[in-house]
Amino acid sequence: MFADGGVPVNALRSLGIAAGLCGIWQLLVWLTDAPHFILPGPLRVLEALYANAGLLVQHAGVTLAEILLGLMLGVLLGLCSALSLIWFRRLRAWMLPVLVISQSIPVFALAPVLMLWLGYGMASKVAMATLIIYFPVTAACYDGLRHAPAAWLELARILGADRRTQLLQIRLPSALPALGSGLRVAASVAPIGAVVGEWVGSSTGLGYLMLHANARMQVDLMFAALLVLSVMAVSLYFLIDRLLRRLMPWQSETLFDDAREAD
Amino acid sequence: MLGIDVRNASLAWQGHSVFSDLSFHLPAGEWTCLLGQSGVGKSSLLRLLAGLTEQMQVRAEIIASDGKALAGRVAWMAQQDLLLPWLSVLDNVLLGPRLRHSRVTHAQREQARYLLSQVGLTGLDSRYPAALSGGQRQRVALARMLMEDRPLVLMDEPFSALDAVTRLKLQDLAAHLLADRTVLLITHDPLEALRLGDQVLVLQGSPARLTEPLRPQDAPPRAVDQPQVLELQGRLLRQLMEVSE
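Protein chains in written order, with the numbering used here: chain W, 12 to 274; chain E, 166 to 410.
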């Protein structure tokens, strides 16, 4: 309906934003007169992108796999944790403080340890991505489940719903919007986890490629890798946004509805 | 049809006594309207009958005319329609069957459609509640309640959030569709109580007491401009004002 009619406008607007940013970038290159091994212009980066397409695709594939696996694991674990926190009242008193305390440990500081335990391969990066999104997803989902309107639950009780049905058919759907915002955060944070993991130690992936290119002063390649990473992250965000809207046709609040409302 | 006797009902919440030793009778197949100001304990009384008394200290003797327990035989309609926004209108009407067993039969689906036509909502089956007006939403809630087909109906100010004309229409509809059920309706609107009630009780004071039941003549729903209704409305309003001074 409204959402579909807005898509071409959205696409045009996104293109406009991208073009504007490139313009500012090029302007910055001209103004500062920076040498190309410090700040390459957009065209140079596009050239590097074209010249190294095969290499970039190969490494991007690895990073994408890490991000997706981490996202799936993190969301699954977070959802399960939130559900068990709601279901087992006793567990809640013990687990909530542990969860909050665990949040005070910076996940980045754990990267070397994960490397030590899980090795140089994909597992340590997936673990990083999982860890970094686990808490936001758990917190958002738990909050959503907890704040299901009491009146709905009472109605369900009068209608004869047992506790499991109340959880699955009342609490869970009513938590979907909150879970959705958790998922959007997760989608934008998971790539950070994966790339940081690659920086600490790896032999493949975009993070590795960036470090490698940087060390050899191939700054244009580094920027190209960064560009690919951003495109991947943004696409992932929009994909999840789309999916959530499909799942929740009764409420389609997203960031871009706000942008459209301003029209 | 089911008559209900409530004897010596006492209820306290957070250490405060809301009411104590209330006794009243809900005649089988009649509408009892319970009138009272906000916060006097009307809703607590209704929750007592519905079994929703968590975090309350309750003592009461509730006797159904057939001698069986009330649990599972109560239908509930609240001030908010409580429609689930992620379910279509039809699925909201089918909420009871959906929550009790996962499969909804064809017959139940047909029954739900019939009830939706009864409340005047033909053709809106697949809409989401967000696309309905306040009056339409409360009609869906009414259909959902009728779907349950339970002998005791408890209504907690179900029409108070609606505009005046919509409210009158829904009162007529509810009176028509629930004519032979045992109903306890809670309201702060004397006109509503007098239009719909076979008997009208007033809950007032602190701790709250019940007045003698008032029994207007003629069968409900009564017209708004009926002299009897207008006269009793004036009397009830004066009574409510005196107590609140």
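All residues carry an ideal CB built from backbone N, CA and C; glycine is no exception. Model, not experiment: these values are computed from the prediction.
| Item | Value |
| --- | --- |
| Looking only at its chain, what residues have a beta carbon closer than 6 Å to the beta carbon of Val118/W, apart from the 5 residues adjacent to it on each side? | Leu142, Ile143 |
| For Val205/E, go through chain W and note every residue whose CB falls closer than 7 Å to its CB, in chain order. | Under the 7 Å cutoff, chain W gives no residues; its nearest Cβ is about 20 Å from Val205/E. |
| Residue ranges of each beta strand (DSSP E) run of no fewer than 3 residues wholly in the segment 189-276 of chain E, ordered along the chain? | 196-200, 221-229, 239-242 |
| Within the continuous alpha helix (DSSP H) that includes Leu107/W, where are the two ends? | 100-114 |
| Could you say which of His70/W, Ala45/W, Gln262/W, Asp44/W lies nearest to Ser192/W if we only look at CA atoms? | Gln262/W |
| Starting from Arg292/E, trace the alpha helix (DSSP H) both ways and give me its first and last residue. | Looking at the DSSP string, Arg292/E is not in any alpha helix (DSSP H), and its letter there is neither H nor E. |
| Buried or exposed: where does Tyr279/E fall if 16 or more other Cβ atoms within 10 Å of its Cβ makes it buried? | exposed |
| Which same chain residues end up closer than 7 Å to Leu343/E when comparing Cβ atoms and leaving out the 5 residues on each side of it in sequence? | Val318 |
| Who are the Cβ neighbours of Leu255/W in its own chain at under 7 Å, not counting the five residues just before and after it? | Gly191, Leu194 |
| Thinking C-beta only, is Leu397/E closer than 8 Å to Leu359/E? | yes |
| So, for Leu327/E: in the same chain, excluding its five sequence neighbours on each side, which residues have a beta-carbon less than 7 Å away from its beta-carbon? | Gly299, Gly300, Gln303, Leu335 |
| Please name the residue, chosen from Pro188/W, Val68/W, Ser199/W, Trp128/W, that lies closest to Ala236/W on a Cα-to-Cα basis. | Val68/W |
| Going by DSSP, name the residue or residues bridged to Ile351/E. | Leu199/E, Asp321/E |
| How would you list, in chain order, the residues of chain W whose beta-carbon sits under 8 Å from the beta-carbon of Tyr293/E? | Pro260, Trp261 |
| Can you tell which of Glu165/W, Cys91/W, Val211/W has its C-alpha closest to the C-alpha of Gly216/E? | Glu165/W |
| Below 8 Å between beta carbons: does that hold for Arg315/E and Asn257/E? | no |
| Report yes if the CB atom of Leu401/E is closer than 8 Å to the CB atom of Val348/E, and no otherwise. | no |
| Counting only beta-carbon separations shorter than 8 Å, does Ala159/W have a partner in chain E? | no |
| At a Cβ cut of 7 Å, what residues of the segment 194-222 of chain E count as close to chain W, listed as they run along the chain? | Ala215, Leu217 |
| Using CA atoms only, rank isn't needed, just tell me which of Val205/E, Gly194/E, Leu252/E is closest to Ser185/E. | Val205/E |
| Closer than 7 Å by beta-carbon distance: list the chain W residues that pair up with Trp241/E, in chain order. | Leu166, Ile169 |
| Grab the span of the alpha helix (DSSP H) containing Asn2/W for me, first residue to last. | Residue 2/W is absent from the model: chain W starts at 12 and stops at 274. |
| Mind reading off the beta-carbon distance from Lys136/W to Gly89/W? Whole number of angstroms is fine, and I expect it under 8 Å. | Actually they do not touch by this definition, with Cβ atoms about 18 Å apart. |
| Going along the chain, which residues of its own chain have a beta-carbon closer than 8 Å to the beta-carbon of Gly261/E, five neighbours each way excluded? | Arg309, Met312, Glu313 |
| Could you run through the segment 97-121 of chain W and flag, in chain order, every residue whose CB is less than 8 Å away from some CB of chain E? | none |
| Is Ala306/E helix, strand or coil when you go by DSSP? | helix |
| Excluding the five sequence neighbours on either side, which residues of its own chain have a C-beta within less than 6 Å of the C-beta of Asp246/E, listed in chain order? | Arg302, Gln303, Ala306 |
| Flag this pair as yes or no: are the beta carbons of Ser209/E and Leu176/E separated by less than 8 Å? | yes |
| Just the chain E side, please: which residues come within less than 7 Å of Thr176/W by C-beta, in chain order? | Leu264 |
| For the segment 230-257 of chain E, which residues have a CB atom closer than 8 Å to at least one CB atom of chain W, in sequence order? | Gly237, Val239, Ala240, Trp241, Ala243, Gln245, Leu247, Leu249, Pro250, Trp251 |
| For Val196/W, which three-state DSSP category applies? | helix |
| Just the Cα atoms here: how many angstroms apart are Ala234/E and Leu214/E? | 11 Å |
| Shorter than 8 Å from the beta carbon of Leu260/E to some beta carbon of chain W? | yes |
| Would you call Asn173/E buried or exposed, if buried means 16 or more other Cβ atoms sit within 10 Å of its Cβ? | exposed |
| Give me the residue from Val171/E, Leu248/E, His181/E, Arg274/E with the minimum Cα distance to Ser371/E. | His181/E |
| Classify His70/W as helix, strand or coil using the three-state DSSP reduction. | helix |
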